[in-house]
Every structure is written in C-alpha cells, then in structure tokens.
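Have a look at the structure below before the remarks.
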Amino acid sequence: MGTRPHRSERQEAGVQPFKSAFEQENLSEFIRLAARGGRGIEPVETIPEAESREAWDGKDGQVVEEEFSLEDLMGDDDKPAADAEL
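With this note's numbering as the guide, the letters of the sequence shown map in order to residues 41 to 126.
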C-alpha cells in the first residue's frame with residue numbers, strides 16, 4: 041500500500057468562509073462539509089505573518105466617556121431656518 045500524501049501536497053491553501061447564522065445546526069453542517077473537502081473554498085495566495093504583541097495584563101482597558109449635547113448631534117430644530125419659507 042502507498043502512503044497518503046501530506047495535506048500540503050494534496051491541497052492548496054484556502055479559506056472557507058462561514059456565511060450562515062451562528063447556530064448549532066448551521067455550524068454542524070459547515071464542519072461536516074469542511075471535513076469532506078468543503079465547498080466554496082477560496083484560494084489564499086499568501087498567508088500573512090502573525091505580528092507580536094505585548095501579553096495582556098488581565099486588566100480591562102480604560103473607558104473614555106465624552107460629554108456631548110444632543111443639540112450638537114441633532115441640530116436645533118426648534119429655531120426656524122433663516123431661509124425657510126413661511
């Protein structure tokens with residue numbers, strides 16, 4: 041019996057995007073099809089390098105809350121516009 045070729049020798053790199061609702065039935069179907077070779081596999085020409093980052097210190101980040109008025113966001117609708125027709 042011959043040996044099976046390594047996966048990288050059998051298949052080009054690719055991704056298979058999950059385009060369904062994140063529910064168990066859809067995930068199970070996606071995994072089942074992916075295990076058989078998948079469908080809708082999109083080729084990847086180059087695999088990006090992972091960047092190094094500092095380890096997480098376990099603390100939450102600081103929340104920056106900005107004060108703003110609704111008038112600044114919505115405009116002042118109570119005042120008639122100077123060029124509005126009456």
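C-beta: ideal position from N, C-alpha, C; glycine also.
- The alpha-carbon of E111 is positioned some 39 Å away from that of A61.
- Taking C-alpha positions only, R72 is separated from A90 by approximately 28 Å.
- The DSSP-derived three-state label of E82 is strand.
- Taking 8 Å as the cut-off, the Cβ atoms of G54 and I87 do not count as close.
- Here the C-alpha atom of R76 lies approximately 18 Å from the C-alpha atom of K59.
- The C-alpha of F108 lies about 28 Å from the C-alpha of K99.
- Here the alpha carbon of L113 sits roughly 38 Å from the alpha carbon of A95.
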